[in-house]
Structure formats: C-alpha cells, structure tokens
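So the sequences go chain by chain: A and B. First residue of the first sequence? That's 107 in my numbering, and the numbers climb one at a time after it. First residue of the second sequence? That's 74 in my numbering, and the numbers climb one at a time after it. Idealized CB from N, CA, C, for every residue including glycine. Here the structure is laid out as structure tokens; the discussion comes afterwards.
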Amino acid sequence: MARSSKAIPWFLFAGGGTATAFILPVIILVTGLFALFGAFSGALSYETMQAFIGNWLIKIIVFGILFLTLWHVAHRLRVVAHDFGIRADTGVAIVVYGLAAVGTIATIVALLNV
Amino acid sequence: MSRKPYVRQMSKTSWFLTHSRYKNYMLHEVTCIFIAIYAVILIVGLFRLGQGPEAWQGWLDGLRSPLGIIFQILAFIFSVIHTWSWFKVVPQAMRIQRGEDFVPGNLIVGVHYGVLAVISLFVLILAGVA
Numbered sequence: 107m108a109r110s111s112k113a114i115p116w117f118l119f120a121g122g123g124t125a126t127a128f129i130l131p132v133i134i135l136v137t138g139l140f141a142l143f144g145a146f147s148g149a150l151s152y153e154t155m156q157a158f159i160g161n162w163l164i165k166i167i168v169f170g171i172l173f174l175t176l177w178h179v180a181h182r183l184r185v186v187a188h189d190f191g192i193r194a195d196t197g198v199a200i201v202v203y204g205l206a207a208v209g210t211i212a213t214i215v216a217l218l219n220v
Numbered sequence: 074m075s076r077k078p079y080v081r082q083m084s085k086t087s088w089f090l091t092h093s094r095y096k097n098y099m100l101h102e103v104t105c106i107f108i109a110i111y112a113v114i115l116i117v118g119l120f121r122l123g124q125g126p127e128a129w130q131g132w133l134d135g136l137r138s139p140l141g142i143i144f145q146i147l148a149f150i151f152s153v154i155h156t157w158s159w160f161k162v163v164p165q166a167m168r169i170q171r172g173e174d175f176v177p178g179n180l181i182v183g184v185h186y187g188v189l190a191v192i193s194l195f196v197l198i199l200a201g202v203a
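Spelled out as structure tokens, the structure:
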C-alpha cells in the first residue's frame with residue numbers, strides 16, 4: 107500500500123471528518139430544536155452549561171472535537187477554493203490553515219475562561 | 074514544438090455542473106463551508122459562556138433569530154450529507170482483514186451507523202430529551 111508523505115494533514119482531515127460525522131448532526135439538532143421550539147432550554151441554561159463546560163473532562167472532549175473540526179474544514183476549504191477556480195493555492199493554504207490556528211487558540215482561551 | 078495540443082474547454086468555476094458524479098462530489102465538499110461557520114458559532118458561544126449570563130443569553134437569542142434558524146436548518150442538512158458521504162467511503166479507507174478475508178464493507182458501514190445512533194441518543198439524553 108502506498109504511504110502518504112503528508113501524514114499530519116491527512117490525520118487531521120480524516121480525524122476531523124470522522125469526529126464531525128459522528129457528533130455534529132446531533133449537536134446541530136439540539137441547538138436547532140432549541141432555536142425552533144425552545145426544546146432543551148433547561149440543558150442550554152447558563153447554570154447548566156457553566157457546570158457542564160466547567161468539567162475538565164468535558165473541556166478536553168470539546169477541545170478535541172473543535173480542534174479536529176477546524177483542521178478538517180481548513181483542509182477541505184483549500185480543496186473547495188481550487189474547485190471553484192481559485193488557483194492561488196499557497197495563499198489559500200496560508201489563509202485557511204492560519205484561520206484554523208487562530209480558531210484553535212481561540213477555543214483554548216474560551217474554554218479556559220469558562 | 075509546432076503541435077497544438079487539444080485542450081478541452083471547461084469552465085473553472087462551474088465545471089462540476091457538467092456531470093452528476095461531479096455534482097455529488099461538490100455536494101459533499103461544500104459541507105465544509107457550513108460546518109466551518111457552525112464551528113465558529115460554537116466557539117463564539119464558549120466565549121459568551123465565560124462572559125456571564127447576559128452574554129450567554131445574547132448568544133442563545135442569536136440562535137433563535139430568523140437568520141440563526143435558517144442557518145441551523147441548512148447546517149443540519151449539510152452535516153447529514155457529510156456524515157452520509159463520509160460513511161459511504163469508509164470501506165475503501167478502512168480495510169479490515171480477518172484471517173484470509175476482508176471484513177465486508179456493508180458490515181463496517183453498518184457499525185458506523187450503529188455508533189452514530191448510540192452517540193446521538195447519548196447526547197439527546199444528556200440534553201434531557203429522554
């Protein structure tokens with residue numbers, strides 16, 4: 107079997123694609139049903155979410171999901187830019203991976219402030 | 074070289090509309106745009122949670138605004154497309170050999186949907202639906 111020379115980008119892309127595939131539909135369902143019908147309003151109250159995100163294990167899990175999601179979409183956005191006719195790949199790569207890095211740091215800062 | 078190679082005329086921005094296979098490809102590729110925006114919304118939510126009850130309430134109100142609702146409906150549809158297209162190619166990406174044979178692709182995909190159901194149910198129970 108051929109070995110990829112880009113192990114780290116591929117791990118992040120595949121890991122993020124897998125994580126989002128399993129977790130995102132139900133997360134959007136929860137926030138979306140709350141938005142539409144006010145369902146789960148207790149679970150999304152300030153006190154409940156403070157206690158939930160205040161847990162260190164939850165912080166690590168939330169970070170893991172968002173970190174992988176950010177780098178998955180960064181990699182895919184780079185390809186999508188190419189597919190829509192933007193051929194300045196180096197510039198696109200700097201922008202999308204830069205944004206993913208900023209998002210990763212922002213996630214850490216936000217989680218530490220809860 | 075005097076020979077002029079044949080170059081097929083193809084639009085750089087709408088080439089994928091020429092074949093249903095390309096359209097399917099673009100459909101699962103553009104899921105990342107919606108997932109990216111939703112991830113940013115979640116990170117903003119984490120910031121708002123750290124800033125106090127009013128800030129958090131403001132974030133929840135944003136989710137419930139017409140724009141928030143429309144976006145979440147689209148994000149949900151595209152996240153399901155992502156899940157479906159991701160699981161579909163798992164047998165090609167994950168070849169599990171047991172003895173002489175490979176584990177059938179349908180079984181691997183089935184297990185993925187099973188795990189998806191368990192995780193989804195777990196989150197819904199955690200959120201207080203059941």
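Glycine 187 (chain B): buried (16+ other C-beta within 10 angstroms of its C-beta) or exposed? exposed
For glutamine 170 (chain B), list the residues DSSP reports as bridge partners. B:Phe175
Whose C-alpha, out of A:Ala120, A:Thr126, A:Pro115, A:Phe119, is nearest the C-alpha of phenylalanine 151 (chain B)? A:Thr126
By Cβ distance below 8 Å, which residues in the same chain neighbour arginine 255 (chain B) in space, the five residues on each side in sequence not counted? The structure shown does not extend to residue 255 (chain B), since chain B is modelled only from 74 through 203, so no value can be given for it.
Would you say valine 176 (chain B) lies against chain A (beta-carbon separation less than 8 Å)? no
Hey, could you find the ends of the alpha helix (DSSP H) isoleucine 211 (chain A) is sitting in? 195–219
When burial is assigned at 16 or more other CB atoms within 10 Å of the CB, is valine 191 (chain B) buried or exposed? exposed
At the level of alpha carbons, what is the spacing between phenylalanine 160 (chain B) and alanine 148 (chain B)? 18 Å
Does valine 121 (chain A) get closer than 8 Å to chain B when you measure Cβ to Cβ? According to the sequence provided, residue 121 (chain A) is glycine. The question's valine does not apply to it. Taking Cβ atoms only, chain B never reaches closer than 8 Å to glycine 121 (chain A), which makes this a no.
Give the DSSP-derived three-state secondary structure of lysine 85 (chain B) in the structure shown. coil
Can you say whether threonine 104 (chain B) is buried or exposed, counting buried as having 16 or more other CB atoms within 10 angstroms of its CB? buried
Please report the straight-line C-alpha distance between lysine 96 (chain B) and aspartate 174 (chain B), rounded to a whole angstrom. 34 Å
Please classify phenylalanine 128 (chain A) as buried or exposed, where buried requires at least 16 other C-beta atoms within 10 Å of its C-beta. buried
The segment 135–149 of chain B: positions lying closer than 7 Å to chain A by Cβ: Leu136, Arg137, Gly141, Ile142, Gln145, Ile146, Ala148, Phe149
From the beta carbon of tyrosine 186 (chain B), is the nearest beta carbon of chain A less than 8 Å away? no
Isoleucine 167 (chain A) versus chain B: which residues are under 9 Å apart at the beta carbon? Those within 9 Å of isoleucine 167 (chain A) in chain B number zero; the least Cβ separation is about 12 Å.
Quick check: the Cα distance between glutamate 102 (chain B) and valine 117 (chain B), rounded to an integer number of angstroms? 24 Å
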